[in-house]
Amino acid sequence: NAGVTQTPKFQVLKTGQSMTLQCAQDMNHNSMYWYRQDPGMGLRLIYYSASEGTTDKGEVPNGYNVSRLNKREFSLRLESAAPSQTSVYFCASSEGTSGSIWGEQYFGPGTRLTVT
Amino acid sequence: KNQVEQSPQSLIILEGKNCTLQCNYTVSPFSNLRWYKQDTGRGPVSLTIMTFSENTKSNGRYTATLDADTKQSSLHITASQLSDSASYICVVRKQTGANNLFFGTGTRLTVIP
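Chains as they are written, first to last, in the working numbering: chain X, 199 to 314; chain R, 198 to 310.
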């Protein structure tokens, strides 16, 4: 099992460009999440998907959109990148059984995004 | 306000020595607390979970404690190894609410030979 995979690993964008970060998991998990991690700050939730077909905003959703393509895949899109979106982005998944979508989360290796 | 504070921010210890990392939280009502280890350039990996009724739990050389009354947790690492060099993140789950995971900013541990 690969666990949670993310592509790309590194990306440099110019301000105003768009891109999509891809995430896939092979653990048959129901719930998936997108976080950003900045120096000196804890992981902050951007969006999450409790189950296939649903998505919800997290703490810092502005400037992002998500798509839960199927049970395995959850993508994060930046429509018009800004320097403030320079960060490391982590995708995570969890089993997401009833009443515990916030159980143990399995994280991907991260995508380092720089916006100039 | 729901918060998770970790201390120290960073720590350097000699290989073979022990250390203790602290996590204080104000999250309420409390559900559980996890410690994650994050190696440089990788995603966090869960080390242990503490629920309300648990005081101590061990995972190899890692021992977590929880005092739900004082809202404090610690992670004790025994006989440190170079591979313990990482960031350790405390995550507290609230019982209710939509976004109910609260992350600490982590303690950066460096083990030197």
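No residue lacks a Cβ here, since even glycine has one placed at the ideal position from N, Cα and C.
{"Item": "Pull up the distance between the alpha-carbon of ASP254 of chain X and that of ALA222 of chain X, whole angstroms please.", "Value": "18 angstroms"}
{"Item": "What is the DSSP secondary structure of LEU241 of chain X, counted as helix, strand or coil?", "Value": "coil"}
{"Item": "Whose C-alpha, out of R:CYS216, R:ILE209, R:SER243 and R:ASN252, is nearest the C-alpha of PHE300 of chain R?", "Value": "R:SER243"}
{"Item": "Using the rule of at least 16 other Cβ atoms within 10 Å of the residue's Cβ for burial, across every protein chain shown, is MET247 of chain R buried or exposed?", "Value": "buried"}
{"Item": "Give the DSSP-derived three-state secondary structure of GLN283 of chain X in the structure shown.", "Value": "helix"}
{"Item": "Is the segment 207 to 218 of chain R close to the segment 302 to 310 of chain X, with three or more CB pairs under 8 angstroms?", "Value": "no"}
{"Item": "Name the chain R residues whose beta carbon is nearer than 9 angstroms to that of GLU302 of chain X?", "Value": "ARG231, SER243 and ILE246"}
{"Item": "Between ALA200 of chain X and the rest of its own chain, which residues show a CB-CB distance below 6 angstroms, the 5 nearest in sequence each way excluded?", "Value": "ASP224"}
{"Item": "So with Cβ pairs under 8 angstroms, would you call ASN296 of chain R a contact of chain X?", "Value": "yes"}
{"Item": "Could you name the residues of the segment 255 to 273 of chain X whose beta carbon sits closer than 9 angstroms to any beta carbon of chain R, in the order they occur along the chain?", "Value": "LYS255, GLY256 and GLU257"}
{"Item": "Bridge partners for ARG266 of chain X per DSSP, in chain order?", "Value": "X:PHE272"}
{"Item": "Mind listing, in chain order, the continuous beta strand (DSSP E) runs of no fewer than 3 residues lying wholly within the segment 221 to 248 of chain R?", "Value": "227 to 235 and 242 to 248"}
{"Item": "Can you give me the Cβ contacts of TYR169 of chain X inside the same chain, cut-off strictly under 6 angstroms, excluding the 5 residues immediately before and after it?", "Value": "As displayed, chain X neither begins before 199 nor continues past 314, which places residue 169 of chain X out of reach and without an answer."}
{"Item": "If we ignore side chains and look at the alpha-carbon of each, how far apart do VAL313 of chain X and GLN235 of chain R end up?", "Value": "24 angstroms"}
{"Item": "Could you work out which residue in X:SER216, X:THR218 and X:GLY238 is closest to GLN206 of chain R when comparing CA atoms only?", "Value": "X:GLY238"}
{"Item": "Of all Cβ atoms in chain X, is any one closer than 8 angstroms to the Cβ of ARG239 of chain R?", "Value": "yes"}
{"Item": "How long is the line joining the alpha carbons of SER273 of chain X and GLY238 of chain R, rounded to whole angstroms?", "Value": "21 angstroms"}
{"Item": "Straight-line CA distance for THR260 of chain R to ARG275 of chain X?", "Value": "39 angstroms"}
{"Item": "Going by DSSP in three states, SER277 of chain R sits in which element: helix, strand or coil?", "Value": "coil"}
{"Item": "Looking only at its own chain, which residues have a Cβ that is under 7 angstroms from the Cβ of SER270 of chain R, when we skip the five neighbours before and after it?", "Value": "CYS220, LEU230, MET247, ALA261, THR262, LEU263 and CYS287"}
{"Item": "Just the chain A side, please: which residues come within less than 9 angstroms of PHE288 of chain X by C-beta, in chain order?", "Value": "The chain inventory of the structure shown lacks chain A, comprising the protein chains X and R."}
{"Item": "So what does VAL258 of chain X bridge to, in DSSP terms?", "Value": "Looking at the DSSP assignment, VAL258 of chain X forms no beta bridge with any residue, so it has no partner."}
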